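Position 145 of the sequence shown, counted from 1, bears residue number 147 in our numbering, the numbering being contiguous throughout. We treat Cβ as the ideally placed atom computed from N, Cα and C, and that holds for glycine. On a predicted model such as this, the values are computed, not experimentally measured, just so you know.
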Amino acid sequence: MSDFNNISDLLGEKKADTSIINQSPTAKFGRKMTQISLKEKEKEVAEKAASLGLDYQDLASFPVSTEALRTIPENIAQDKKVVCYYSSPDLIKLGTLEKNQDIEDLAFQLGERHSAKVDLSLVSQNSLSHVFKLYKNLPIIKPIKKEINITDEELEKYSADVSDLDSLKKQFEIVNITDILTLMVASALRMDASDIHVEAEEHGIMVRYRIDGVLHEVSVLPIDQWKRFISRIKLLANLKINIIDKPQDGRVTLKLTKGDVDVRVSTMPTIYGESVVMRILHTADKGITFDELGLTGEAYIRLKREVERPNGMIMTTGPTGSGKTTTLYSILRTLNKPGVKIITLEDPIEIRMKGVNQSQVDASHNYTFAKGLKSILRQDPDICMVGEIRDLETAEIAIQASLTGHLMLSTIHTNDASGAIPRFLSMGVKPFLLAPALNAIIGQRLVRRICPHCVEEQELDSATLQRVGEIIEGMPEKEKEKLDTANLKFYHGKGCKKCSGLGYKGRVGIYEIFAMNKEVEDNILSGKVSEYAIKEIAIKNGMVTMVQDGILKALDKITTIEETFRVAE
Numbered sequence: 003m004s005d006f007n008n009i010s011d012l013l014g015e016k017k018a019d020t021s022i023i024n025q026s027p028t029a030k031f032g033r034k035m036t037q038i039s040l041k042e043k044e045k046e047v048a049e050k051a052a053s054l055g056l057d058y059q060d061l062a063s064f065p066v067s068t069e070a071l072r073t074i075p076e077n078i079a080q081d082k083k084v085v086c087y088y089s090s091p092d093l094i095k096l097g098t099l100e101k102n103q104d105i106e107d108l109a110f111q112l113g114e115r116h117s118a119k120v121d122l123s124l125v126s127q128n129s130l131s132h133v134f135k136l137y138k139n140l141p142i143i144k145p146i147k148k149e150i151n152i153t154d155e156e157l158e159k160y161s162a163d164v165s166d167l168d169s170l171k172k173q174f175e176i177v178n179i180t181d182i183l184t185l186m187v188a189s190a191l192r193m194d195a196s197d198i199h200v201e202a203e204e205h206g207i208m209v210r211y212r213i214d215g216v217l218h219e220v221s222v223l224p225i226d227q228w229k230r231f232i233s234r235i236k237l238l239a240n241l242k243i244n245i246i247d248k249p250q251d252g253r254v255t256l257k258l259t260k261g262d263v264d265v266r267v268s269t270m271p272t273i274y275g276e277s278v279v280m281r282i283l284h285t286a287d288k289g290i291t292f293d294e295l296g297l298t299g300e301a302y303i304r305l306k307r308e309v310e311r312p313n314g315m316i317m318t319t320g321p322t323g324s325g326k327t328t329t330l331y332s333i334l335r336t337l338n339k340p341g342v343k344i345i346t347l348e349d350p351i352e353i354r355m356k357g358v359n360q361s362q363v364d365a366s367h368n369y370t371f372a373k374g375l376k377s378i379l380r381q382d383p384d385i386c387m388v389g390e391i392r393d394l395e396t397a398e399i400a401i402q403a404s405l406t407g408h409l410m411l412s413t414i415h416t417n418d419a420s421g422a423i424p425r426f427l428s429m430g431v432k433p434f435l436l437a438p439a440l441n442a443i444i445g446q447r448l449v450r451r452i453c454p455h456c457v458e459e460q461e462l463d464s465a466t467l468q469r470v471g472e473i474i475e476g477m478p479e480k481e482k483e484k485l486d487t488a489n490l491k492f493y494h495g496k497g498c499k500k501c502s503g504l505g506y507k508g509r510v511g512i513y514e515i516f517a518m519n520k521e522v523e524d525n526i527l528s529g530k531v532s533e534y535a536i537k538e539i540a541i542k543n544g545m546v547t548m549v550q551d552g553i554l555k556a557l558d559k560i561t562t563i564e565e566t567f568r569v570a571e
C-alpha cells in the first residue's frame, strides 16, 4: 500500500511539473522573477515594521474571517489603504501600508466602538490587494433595524390596559414576544418603576419591577423565548449580541412628547443565561426641590444654614439607592443662580440641569473622580459636586477645594452620618484638614409614602409599640414636646387602584443631620475618633436620628412604622 502511495505521489508530482515544463522559458523566468520580487518587497516591509516598532504580517495566505472584513467597510478600507484581518471580542488587528494620523484615528474609533484593543501591523501592497479581493465574496446581508420605538400612542394604549400588577401579568400572557419589550418599558413608565429586572432561571424568565425601592414580580416568560428576547434588548441598547460570557453596558434614549427618557441597560452572565437590568431615568424631569425633600424642624433649619455658606463640605451618606444624588441635585437647584458657576462630576449623569456644567467620569479613558476634580478646579467654579468620594486622592483634593473658597458637595458610603468621619480618616485624610473642611453630614434613607387615596389608621402590636416608645424617649426634648405620647396614632394604606394595590405611592427621605461644632472638631483632632462617640455628641446637640425622623413621619401619616424599621433599624 505504501508503494502505491509513493507511486501516486510521484505521478502527481510529475503531472504538476508538466504544466511548468510546458511553459516557455520566458514565462518561467518571468514567474521566477515575480516571486523573487514579492519576497524582496515583503522583506522590505518587515524591516520597515521592525524599525518603527510595529508588527509585520503577510496576508497573502492569512485566513481572514468574514467578521474581520466587515469591521471596516470596503470603501473606507480602499480609501485609507487599511484592512482588518483579525477580530475578536477583545482584540482587533489592522494591516496598513503606513502608520499615520488617519489610521490612528480610525484605530481609536474602532477600539471605542467595539470596546477592544486595536493593534496595527505593516503589510505590503500585495497583502492589501489580496484582502481587497475578498470583499467581492462577502455575502450581502439585510441591515437589522436596531431602533425599537415606543410612541406616545403605545404608552396610552398600555396605560388603558394596565392598572395594577395583576392586570399587567395578564398583558404579558397575551402579548406577542416581539411586543413584550415595548410592553415592558411602557408599563414600567406607567407604574413609575425605576428598574426592570429580567432574569433567566432554570424553567423560565423572571420579570420584576422595582417600584418605590421594592422589587415586585410581574411575570414569568417561557424559557424558549429567551434568545429572541435578549437579542431584542441588546439591539435596543446597541450591545454585542454574540457576547454572552461578559458583562455589557448600554443606553438608549426614548424621545417622548413629555420629555426624553434614558434607559440604561446592564447585562451580566449567570448560570442559566444573562441577567438584564434596565434603569429608567427621566432626564427631562424637573426633579424635587430642597423644600420637597422631606426635611423638617431643626434638621431643615440646620441644613439650609449650611447650604448657604460660601465654602466647606456638605456630605451625604447612605447605601446605594438611598437618594443621596437626589438630595445633592435638590441643593444644587437652590444654589443655581445666574451669578454662580456650578460644575458637577458624575458617574453617570442622571438628570441634566440647565445652567450647570455637568461632566461624566470615564474609567476607560482614565478620567476618574480625582483627575476630573483637578480639572474642575481649574474652571473657576463657585460650587462643585462630586458624585462620590472613594479614595484618598479624591478626598484630599475635595478637602483642599473646600478650604480655598469652594462649596463642595459629595457622597460617601457609610451606614449613617456619624460614620462619615471615621471613613475619611480610614482613607488616610489628615484630621487637622478634615475638621475645618466639613460643614454638615447628612445620613439618609428612602421610605415609601402611604397612598393618600387608601390611608387608614393602623393598630400596632404591643412589642412594636414598646419599641416605638423607647425610640421616642431618646428624641431631643424639643421634638418630644410636640408629641402626645399618651395618644399615638399610626397609619397604613389598605391598597387601591391608584397604588396598584400596594398601599404605597412614591417615596420620601428620612434624615439625620449634624453640623460641625467645637466638640466634634476636638474629637477629630484628638486622634481617638469613634463612630459611637461622634453619634453621642451629635444627639446631645439635638440631632434627630433617621429612625426617629421616620417615626415622626409615621405619626404625620406620611409613612408606616414597618417602612421605617425596614430601612433604618
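Neighbourhood of residue i by C-beta distance below 8 Å, restricted to the same chain and skipping five residues each side
i    : result
H132 : L61 and A62
N128 : L40, K43, E44 and A62
G389 : T327, T346, L347, E348, D349, V363, F371, S412 and T413
L170 : V164, S189, M193, V220 and S221
Neighbourhood of residue i by C-beta distance below 6 Å, restricted to the same chain and skipping five residues each side
i    : result
M518 : L440
D384 : V342 and K343
E521 : I539
D558 : none
P350 : Q362
P424 : V531 and E533
L337 : I385
Y88  : A70 and K95
D551 : I512 and Y513
I401 : L435 and A439
A48  : Y58
DSSP-derived helix/strand/coil call for residue i
i    : result
M270 : strand
A517 : strand
C86  : strand
E538 : helix
K16  : Residue placement at K16 is poorly supported in this model, since its pLDDT is 40, which falls under 50; the coordinates are not used for a value here.
G505 : coil
T319 : strand
M355 : coil
Q362 : strand
R311 : coil
G511 : strand
R335 : helix
S53  : helix
R392 : coil
S277 : strand
I282 : strand
I146 : Any reading at I146 must be qualified, since the residue scores a pLDDT of 43, below 50, and its modelled position is unreliable; no value is offered.
Contact set for residue i: own chain, Cβ-Cβ below 7 Å, skip 5 residues either direction
i    : result
L527 : P433, F434 and A437
E155 : none
K257 : none
F31  : Confidence in F31 is poor, its pLDDT being 42 and thus under 50, which makes the residue's placement unreliable; the coordinate value appears in the next sentence. Closer than 7 Å at Cβ, skipping near neighbours: no residue.
G320 : K326, G445, Q446 and R447
K496 : C456, E458 and G505
E149 : With a pLDDT of only 47 at E149, under the threshold of 50, the placement of this residue in the model should not be trusted, and no figure is reported.
S420 : E533, I536, K537 and A540
A556 : F492, T562, I563 and T566
Residue i, enclosing beta strand (DSSP E) - first and last residue
i    : result
V388 : I385 to V388
I94  : L93 to T98
I344 : I344 to E348
K119 : K119 to L124
Span of the alpha helix (DSSP H) around residue i
i    : result
Y493 : Note, Y493: premise wrong, no alpha helix (DSSP H); beta strand (DSSP E) at F492 to G495.
S131 : Q127 to L136
K482 : E479 to K482
R568 : I563 to A570
K105 : Per the sequence shown, the amino acid found at residue 105 is Ile instead of Lys. Element bounds for I105: Q103 to H116.
V549 : M548 to L557
L71  : T68 to R72
Inter-residue CB distance, residue i and residue j (contact presumed, cutoff 8 Å)
i    : j    : result
V431 : I512 : Contact flag wrong, Cβ pair sits at about 28 Å.
R304 : I515 : 5 Å
R447 : A301 : Going by Cβ atoms, the distance from R447 to A301 rounds to 14 Å, so no, they are not a contact pair.
S268 : D247 : 15 Å between Cβ atoms; not a contact.
L238 : V254 : 5 Å
I225 : G206 : 5 Å
V209 : V216 : 15 Å between Cβ atoms; not a contact.
Cutoff 8 Å: residue i Cβ touching any chain C Cβ
i    : result
S332 : No chain C is present in this structure, which holds just one protein chain.
Please give me, in chain order, every unbroken run of the beta strand (DSSP E) with length at least 3 that falls completely inside the stretch 400–476.
409–414, 440–452 and 457–460
Could you pull out every unbroken beta strand (DSSP E) segment of at least 3 residues lying fully inside the stretch 185–270, listed in chain order?
195–202, 207–213, 216–223 and 250–256
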